[in-house]
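A.B. asks: Residues 11 to 225 in the numbering used here are what the sequence shown spells out, letter by letter. Cβ atoms here follow ideal geometry from the backbone N, Cα and C, with glycine treated the same way. Model, not experiment: these values are computed from the prediction.
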Amino acid sequence: MPRESKSARARRLSTILDRLSIAYPDARVGLDFTTPFELLIATILSAQCTDERVNQVTPNLFAKYHSPGDYLSVPQEELEADIHSTGFYRNKARNIRACCTRLLDVFSGEVPHTLDELTSLPGVGRKTANCVLSNCWDIPGITVDTHVTRIMNLLGIVSTKDAVAIEYALMDLVPQERWNSMNHLIITHGRKTCIARRPQCSTCSIRDLCPSAIP
Ligand code: SF4
Numbered sequence: 011m012p013r014e015s016k017s018a019r020a021r022r023l024s025t026i027l028d029r030l031s032i033a034y035p036d037a038r039v040g041l042d043f044t045t046p047f048e049l050l051i052a053t054i055l056s057a058q059c060t061d062e063r064v065n066q067v068t069p070n071l072f073a074k075y076h077s078p079g080d081y082l083s084v085p086q087e088e089l090e091a092d093i094h095s096t097g098f099y100r101n102k103a104r105n106i107r108a109c110c111t112r113l114l115d116v117f118s119g120e121v122p123h124t125l126d127e128l129t130s131l132p133g134v135g136r137k138t139a140n141c142v143l144s145n146c147w148d149i150p151g152i153t154v155d156t157h158v159t160r161i162m163n164l165l166g167i168v169s170t171k172d173a174v175a176i177e178y179a180l181m182d183l184v185p186q187e188r189w190n191s192m193n194h195l196i197i198t199h200g201r202k203t204c205i206a207r208r209p210q211c212s213t214c215s216i217r218d219l220c221p222s223a224i225p
């Protein structure tokens with residue numbers, strides 16, 4: 011089979027996104043939040059954890075902690091107990107407190123609006139930063155999580171597990187105005203249809219565009 015050209019791959023991905031936007035017209039970020047600071051904390055908690063589990067923890071968490079200073083006003087052990095069920099709670103509590111310290115020291119307690127500033131915060135990588143930028147301020151950013159990594163490889167759009175390489179490859183293939191909606195569409199597709207280890211290929215709306223479709 012001839013190697014697919016970059017322009018053909020971009021066209022195929024565009025058609026895939028068209029189809030998915032019909033299949034999932036209400037696709038949105040899975041984490042519950044009301045402020046950029048809440049989304050920043052929720053995204054840190056979502057590492058190695060499902061959005062559903064994070065959403066079970068954050069109502070009580072956000073009722074108790076409103077500002078960076080609040081997270082620093084309790085002993086580390088108390089915060090660990092409050093986020094325990096999201097897993098890796100010691101690391102996450104440490105990161106949240108270090109992040110809050112830097113927010114207060116450098117950014118006057120406000121969540122910054124640029125990728126470089128956000129990724130300078132402890133516990134915040136490109137995925138978290140792009141998630142905050144795109145969902146809070148509609149700043150274009152591609153969020154490469156486990157679903158995006160898996161599905162883009164299955165679709166043959168990329169052949170790497172390196173999140174930064176995938177992000178740059180997608181930036182090159184997809185017009186900027188589609189980046190934010192693509193995040194929600196692919197992640198929703200990963201949750202509802204192209205489920206890890208049990209993809210529902212027989213009901214998948216893009217099966218004819220997918221080289222990994224199981225007959
Ligand atoms: S056809 Fe199967 S493997 Fe391909 S995207 Fe759909 S569910 Fe995933």
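Cα separation between H94 and V154?
C.D. replies: Going from the Cα of H94 to the Cα of V154 covers about 25 Å.
A.B. asks: With a threshold of 6 Å on Cβ separation, who are the neighbours of I216 within its own chain once the five nearest residues in sequence on each side are excluded?
C.D. replies: Contacts found: I26, R29.
A.B. asks: Is it a yes or a no for the region 114-130 touching the region 85-99, going by three-plus beta-carbon pairs under 8 Å?
C.D. replies: No: the two stretches stay apart, fewer than three of their Cβ pairs being nearer than 8 Å.
A.B. asks: Only counting the same chain, and skipping five residues up and downstream in sequence, which positions put a Cβ closer than 6 Å to that of G166?
C.D. replies: These residues qualify, in order along the chain: P221.
A.B. asks: When the Cβ atoms of the region 132-144 are set against those of the region 48-61, are three or more pairs found closer than 8 Å?
C.D. replies: A contact exists between the region 132-144 and the region 48-61.
A.B. asks: Relative to ligand 1, is the shortest distance from any of its heavy atoms to the C-beta of Q210 smaller than 7 Å?
C.D. replies: Yes.
A.B. asks: For C110, name the three-state secondary structure that DSSP assigns.
C.D. replies: Correct three-state label for C110: helix.
A.B. asks: Go ahead and pull the three-state DSSP assignment for Q210.
C.D. replies: It is coil, neither helix nor strand.
A.B. asks: Is DSSP giving G200 helix, strand or coil here?
C.D. replies: It is helical.
A.B. asks: For L180, which option in C214, C146, R112, G151 has the closest C-alpha, if you only look at C-alpha atoms?
C.D. replies: The option with the nearest alpha carbon to L180 is G151.
A.B. asks: Under DSSP, the alpha helix (DSSP H) around Y81 begins and ends at which residues?
C.D. replies: Taken as a continuous stretch (DSSP letters only), the alpha helix (DSSP H) holding Y81 covers 78-82.
A.B. asks: Cutting at 8 Å between CB atoms, please list the residues of its own chain near S282, excluding the five before and the five after it.
C.D. replies: This structure cannot settle anything about residue 282, because the visible part of the chain is limited to 11 through 225.
A.B. asks: Taking only the alpha-carbon atoms, compute the straight-line gap between K16 and L195 and give it to the nearest angstrom.
C.D. replies: Using only the alpha carbons, I get a separation of about 22 Å.
A.B. asks: Quick check on the burial criterion: 16 or more other C-beta atoms within 10 angstroms. Buried or exposed for W147?
C.D. replies: Classification for W147: exposed.
A.B. asks: Please list the terminal residues of the continuous alpha helix (DSSP H) segment that includes R22.
C.D. replies: 16-33 is the extent of the alpha helix (DSSP H) around R22.
A.B. asks: Secondary structure at K171, three-state DSSP: helix, strand or coil?
C.D. replies: The answer is coil: DSSP assigns K171 none of H, G, I, E or B.
A.B. asks: Using the C-alpha atoms, what's the distance from K202 back to C59?
C.D. replies: Looking at the two C-alpha atoms, the distance is approximately 17 Å.
A.B. asks: To the nearest angstrom, how far is it from the Cα of N105 to the Cα of T111?
C.D. replies: Each residue's Cα considered, the two are about 10 Å apart.
A.B. asks: Buried or exposed for I224, going by 16 or more other Cβ atoms inside 10 Å?
C.D. replies: Classification for I224: exposed.
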